[in-house]
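**Student:** My questions will all concern the structure given below.
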Amino acid sequence: MKRSVKNILLSMLGFSAAPILTACYGMPEPEPDQYWNKDFKGKVTNTDGAPIEGVKVYVGTREWHYPDYDIRPLEGYAPVMTDAKGEFNIHIGTVPHKTYFVAEDVDEAAGGGWFATTEEWLVNFDGTIEMQEHPQSGTNENESNNSDNEGTTNE
Amino acid sequence: MSKAPKIGLRKRLALNLFADIKKDLAKQHELREIFWECTLRCNLNCGHCGSDCRSSATVPDMPAEDFLRAIDQITPHVNPNRVMVVITGGEALCRNDLESVGRELYKRGYPWGIVTNGMLLTRERMESLVRAGLRSITLSLDGFEEVHNAIRRHPHSWRNAVRALDAIVATEGIAYDVVTCVGPHNYASLPELRDWLIGRGCKAWRLFTIFPVGRAADNDELQLSSEEYRGLMEFIIATRKEGKIKCDYACEGFLGGYEAEVRDRFFGCMAGVSICGIKIDGAISACTSIRAGFDQGNIYTDNIWEVWNTRFEPYRNREWARKGECKDCKVWKFCQGNGMHLYDNDHHLLHCNYKRIQN
Numbered sequence: 001m002k003r004s005v006k007n008i009l010l011s012m013l014g015f016s017a018a019p020i021l022t023a024c025y026g027m028p029e030p031e032p033d034q035y036w037n038k039d040f041k042g043k044v045t046n047t048d049g050a051p052i053e054g055v056k057v058y059v060g061t062r063e064w065h066y067p068d069y070d071i072r073p074l075e076g077y078a079p080v081m082t083d084a085k086g087e088f089n090i091h092i093g094t095v096p097h098k099t100y101f102v103a104e105d106v107d108e109a110a111g112g113g114w115f116a117t118t119e120e121w122l123v124n125f126d127g128t129i130e131m132q133e134h135p136q137s138g139t140n141e142n143e144s145n146n147s148d149n150e151g152t153t154n155e
Numbered sequence: 156m157s158k159a160p161k162i163g164l165r166k167r168l169a170l171n172l173f174a175d176i177k178k179d180l181a182k183q184h185e186l187r188e189i190f191w192e193c194t195l196r197c198n199l200n201c202g203h204c205g206s207d208c209r210s211s212a213t214v215p216d217m218p219a220e221d222f223l224r225a226i227d228q229i230t231p232h233v234n235p236n237r238v239m240v241v242i243t244g245g246e247a248l249c250r251n252d253l254e255s256v257g258r259e260l261y262k263r264g265y266p267w268g269i270v271t272n273g274m275l276l277t278r279e280r281m282e283s284l285v286r287a288g289l290r291s292i293t294l295s296l297d298g299f300e301e302v303h304n305a306i307r308r309h310p311h312s313w314r315n316a317v318r319a320l321d322a323i324v325a326t327e328g329i330a331y332d333v334v335t336c337v338g339p340h341n342y343a344s345l346p347e348l349r350d351w352l353i354g355r356g357c358k359a360w361r362l363f364t365i366f367p368v369g370r371a372a373d374n375d376e377l378q379l380s381s382e383e384y385r386g387l388m389e390f391i392i393a394t395r396k397e398g399k400i401k402c403d404y405a406c407e408g409f410l411g412g413y414e415a416e417v418r419d420r421f422f423g424c425m426a427g428v429s430i431c432g433i434k435i436d437g438a439i440s441a442c443t444s445i446r447a448g449f450d451q452g453n454i455y456t457d458n459i460w461e462v463w464n465t466r467f468e469p470y471r472n473r474e475w476a477r478k479g480e481c482k483d484c485k486v487w488k489f490c491q492g493n494g495m496h497l498y499d500n501d502h503h504l505l506h507c508n509y510k511r512i513q514n
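Read top to bottom, the protein sequences are chains A and B. Its first residue numbered 1, the first sequence is counted upward by one per residue in this note's numbering. Its first residue numbered 156, the second sequence is counted upward by one per residue in this note's numbering.
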């Protein structure tokens, strides 16, 4: 019987075909997030689903790897701007830390005032992107605009 | 105390399929994990330690360049992104060049991590390790202050382990778990410890029992009774059902009806099948807790990649273990003689988890 068939049968029985990955004196297996080497596509829209052009998106990482530290641009990655469809495309190679996509409205008037402050997306290993609340949101005087102008992204 | 659950029909069918998959994996022999016993120095002197390390090791640390030379023999033949390097000891953090070794591994594309007692793990050291590419970490914590300090034989071991736990939990982007060696000394306090870990923000907890090797071989008082052992299994099941923390029993051995109940996956010892290891003296083995009688070569005299491909037969074909109490065992096909770390130097099984559950 082929391995794939055995895997399917095991799955149908409700069990995993993979062995235990963590050896007795070992650690849990991490997601290989530093080895993406792939393109990530995102789309910035407002709550009505309309695309927002001209939002600056950059790859960021925290100065230290704790939530109370700010996210800074990651060296070696140039920021990109969303196009008329609100879309952006960033190639991620090897990154040494947990990585965020950070979007900033560089021109609030032209951008429609969507961003009152910096927003962040956590990039998952499978390439999907989910929005993250900025830890410092609420400190900006335009923070109240956020509830009316949430961003969404799609791969 | 309830009896051990029997292996039901559905699980038995699945175990049969999985036994075939394990054969496939042994044939495939894909390297997925490399242990490195980087030092035998340790800043603790734990009563239950499975290692033979000492606080002031007479054995010198392995030079980083020797280890990296062995890694470089492997690298052209694997996808490093899929091969995890586990740095262990002794206490790995006793070395002050871990970050530079880590960066070298990272440059080559290997994810890496450490197993630590937390004595030296401050928030600053944690950040330094993460910047050097650390992606996973396991912290030992054996109970609350009195119990932990007693078994670790150090008055500050608990305080420092808690400091380490807080640093680990707060760090973004790493995999981690806390491991607890369960024995009579901490068995009764496990529910309280679980709740404390949850309150501390810990997301993953792995429970061991103490097996009779290393220093623990001389101390029967560290062993759970069979009833307590089953109680531990029931505790893990209840904790998993509660769902507030990811709780697993370690990969120790075959557990009969508890298989896939106390761990996500079925037991299968992957030592020498997908796990290779380099011991402090250069010996090529699998998990570093496996006795020297199973060493397969030495990086100072052999090419490790050749050894991986041409030796390791005792790990990949376990028929030699079908003797003694295993000879006529009805679950042999599923268990294959338990974990390799549970054999002595003469290839005799020291401990049967299945029998312990059945007693």
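For every residue, glycine included, the Cβ atom is placed at its ideal position computed from N, Cα and C. Source: prediction; values computed, not measured.
#1: Name the chain A residues whose beta carbon is nearer than 9 Å to that of A325(B)?
#2: What does DSSP give as the partner residues of E75(A) in its beta bridges?
#3: Can you give me the C-alpha to C-alpha distance between M388(B) and P73(A), rounded to a whole angstrom?
#4: Going along chain B, which residues have a C-beta under 7 Å from R72(A)?
#5: Three-state secondary structure (DSSP) at E185(B)?
#6: For chain B, check one thing: does any of its Cβ atoms lie closer than 9 Å to the Cβ of A103(A)?
#7: Express the C-alpha separation of W267(B) and K43(A) in angstroms, rounding to a whole number.
#8: In terms of residue numbering, what span does the beta strand (DSSP E) encompassing R290(B) cover?
#9: Closer than 6 Å by C-beta to R466(B): which residues in its own chain qualify, once you throw out the five before and the five after it? Chain order, please.
#10: Applying the criterion that 16 or more other CB atoms from any shown protein chain within 10 Å of the CB defines a buried residue, is W114(A) buried or exposed?
#11: So which residues on chain B does A18(A) lean against when the C-beta distance must stay under 7 Å?
#12: With a CB to CB cut of under 6 Å and the five nearest residues on each side skipped, what residues in its chain are close to E124(B)?
#13: Counting only Cβ pairs nearer than 8 Å, list the residues of chain A close to R165(B).
#14: The ligand FMN and P79(A): does any heavy atom of the ligand fall closer than 8 Å to the residue's C-beta?
#15: Taking C-beta to C-beta, are D321(B) and R307(B) nearer than 9 Å?
#16: Is there a Cβ from chain A that is less than 9 Å from the Cβ of T293(B)?
#17: Leaving out five residues before and five after R473(B) in sequence, what residues of the same chain have Cβ atoms less than 6 Å from its Cβ?
#18: Between the Cα of I445(B) and those of G398(B), I400(B), H502(B), spot the shortest distance and give me the residue it belongs to.
#19: So, at 7 Å on beta carbons, what are the nonlocal neighbours of K185(B) in its own chain, with the 5 sequence-adjacent residues on each side left out?
#20: Looking at the C-beta of K6(A), does it have a partner C-beta in chain B at a distance below 9 Å?
#21: Got a sec, what are the start and stop residues for the beta strand (DSSP E) R361(B) sits in?
#22: Within a Cβ cutoff of 7 Å, which residues of the same chain sit near K358(B), ignoring the five residues on either side of it in sequence?
#23: Against D179(B), what residues of chain A qualify as contacts under a CB-to-CB distance less than 7 Å, listed in chain order?
#24: Measure the C-alpha to C-alpha separation of S92(A) and E301(B) and round it to an integer number of angstroms.
#25: Would you say G452(B) lies against chain A (beta-carbon separation less than 9 Å)?
#26: Given 8 Å as the limit, is there contact between the segment 72-88 of chain A and the segment 53-64 of chain A, that is, 3 or more CB pairs closer than that?
#27: With a 10 Å radius around its C-beta and 16 neighbouring C-beta atoms as the bar for buried, classify W463(B) as buried or exposed.
#28: Helix, strand or coil: how does DSSP classify R250(B) here?
#29: Between which two residues does the alpha helix (DSSP H) containing R395(B) stretch?
#30: Would you please verify whether the beta carbon of T456(B) is less than 9 Å from any beta carbon of chain A?
#31: Span of the alpha helix (DSSP H) holding R224(B)?
#32: According to DSSP, is H91(A) part of a helix, a strand, or is it coil?
#33: Output yes if chain A places a C-beta closer than 9 Å to the C-beta of E185(B); else output no.
#34: Which stretch, first to last residue, makes up the alpha helix (DSSP H) that contains S11(A)?
#35: Would K3(A) be called buried (16 or more neighbouring beta carbons within 10 Å of its own) or exposed?
#36: Mind checking whether H65(A) and E327(B) have CB atoms under 9 Å apart?
**Tutor:** Looking at the coordinates:
#1: H65, Y66, P67, D68
#2: BP columns for E75(A) are empty, so no partner.
#3: Computed Cα separation, rounded: 47 Å.
#4: What R72(A) touches in chain B: nothing, since even the nearest Cβ is about 13 Å away.
#5: coil
#6: no
#7: C-alpha separation (whole angstroms): 34 Å.
#8: 289-295
#9: Q451
#10: Confidence at W114(A) is low in this model, with a pLDDT of 37, below 50, so the placement of that residue is unreliable and no value is reported for it.
#11: R420
#12: Within the shown structure, residues of chain B are numbered from 156 to 514, placing residue 124(B) beyond reach of any answer.
#13: L13, G14
#14: The model depicted lacks the ligand FMN and carries no ligand whatsoever.
#15: At a Cβ-Cβ threshold of 9 Å, D321(B) and R307(B) do not count as neighbours.
#16: yes
#17: Q491, G492
#18: H502(B)
#19: Lys is not the amino acid found at residue 185(B); the sequence shown has Glu there. Hits under 7 Å: S429.
#20: yes
#21: 359-364
#22: I400, K401
#23: R3
#24: Checking the displayed sequence, the identity of residue 92(A) turns out to be Ile instead of Ser. Distance between the alpha carbons of I92(A) and E301(B) is about 48 Å.
#25: no
#26: Taking a cut-off of 8 Å on C-beta distances, the segment 72-88 of chain A touches the segment 53-64 of chain A, as three or more cross pairs fall below it.
#27: Taking every protein chain shown into account, the CB of W463(B) has 16 or more other CB atoms within 10 angstroms, so this residue is buried.
#28: coil
#29: 381-397
#30: no
#31: 219-229
#32: DSSP places H91(A) in the strand class (E or B) of the three-state scheme.
#33: no
#34: Where S11(A) is concerned, the enclosing alpha helix (DSSP H) stretches over 3-12.
#35: The sequence given here has Arg at residue 3(A), not Lys. So R3(A) counts as exposed.
#36: yes
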